[in-house]
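What follows is a set of notes on a single structure, which appears directly below.
Dropping the structure here:
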């Protein structure tokens, strides 16, 4: 099995607690939403949504969420944990590299956290293309990129700090960029929080 196949990820979800799963929404996103962020709400795609803690967070904050994963186990977990009153989440079992054409240009936002570092690094250009394709003109990528610490092996596969600029800035412009101080302790200083706008 390898990271390009859903069976690899389903095996992890079934047989062990995924190391990347915080068991709660991401504090960086929680605090950004609480800050009165200026971008408003809209349709947001969460790529590689996993167990969906951030999907629930954004839905609770007024976003219309499409939670996307190609593994069955996390989608089943998320489905069981969506409150009945929550109508702002839809689930999509799909490969992020092969999303249906009907999603082209339809999202106001794409949320990235631990999907980019989980895919085979040779496919990162494809990832950028997928994000670009599903965003509407002037849409936003909200990305918390991890890990930026140069670790060997993976997943998670390390991300060079400069790589984000090299991969994205041909077709995106920077709206916001920081090393967050509210990352979870074990990831503090190893993440880059960026908001990029589609040109």
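Residue numbers (my numbering): -9 to 189. Cβ atoms here follow ideal geometry from the backbone N, Cα and C, with glycine treated the same way.
Considering only residues of the same chain and omitting the five flanking positions on each side of residue i, which have a CB-CB separation below 7 Å?
i, result
"residue 189", "161, 162 and 163"
"residue 120", "86, 87 and 89"
"residue 28", "none"
"residue 21", "172"
"residue 151", "138 and 182"
"residue 174", "12 and 17"
Suppose you measure from the CA of residue i to the CA of residue j; what does that come to, to the nearest Å?
i, j, result
"residue 6", "residue 61", "15 Å"
"residue 102", "residue 75", "26 Å"
"residue 63", "residue 128", "33 Å"
"residue 92", "residue 77", "21 Å"
"residue 124", "residue 145", "25 Å"
"residue 149", "residue 113", "13 Å"
"residue 206", "residue 104", "Here the chain covers residues -9 to 189 and nothing more, so residue 206 does not appear."
"residue 24", "residue 18", "10 Å"
"residue 94", "residue 126", "8 Å"
Is the separation between the beta-carbon of residue i and that of residue j shorter than 8 Å?
i, j, result
"residue 118", "residue 157", "yes"
"residue 88", "residue 33", "no"
"residue 182", "residue 135", "yes"
"residue 86", "residue 57", "no"
"residue 68", "residue 100", "no"
"residue 108", "residue 38", "yes"
"residue 180", "residue 137", "yes"
"residue -6", "residue 110", "yes"
"residue 143", "residue 186", "no"
"residue 30", "residue 8", "no"
Between which two residues does the beta strand (DSSP E) harbouring residue i extend?
i, result
"residue 184", "182 to 188"
"residue 35", "33 to 37"
"residue 102", "97 to 103"
"residue 83", "79 to 83"
"residue 164", "162 to 168"
From which residue to which residue does the alpha helix (DSSP H) around residue i run?
i, result
"residue 4", "-4 to 5"
"residue 158", "151 to 158"
To which residues of the same chain is residue i closer than 8 Å at the C-beta, ignoring the five residues directly before and after it?
i, result
"residue 171", "178"
"residue 169", "179, 181, 182 and 183"
Near residue i, what residues of its chain come up, given a Cβ to Cβ distance below 6 Å and the 5 sequence neighbours on each side ignored?
i, result
"residue 167", "184"
"residue 10", "104"
"residue 54", "33 and 78"
Between the stretch 32 to 51 and the stretch 7 to 16, do at least 3 Cβ pairs fall closer than 8 Å?
Yes, they touch.
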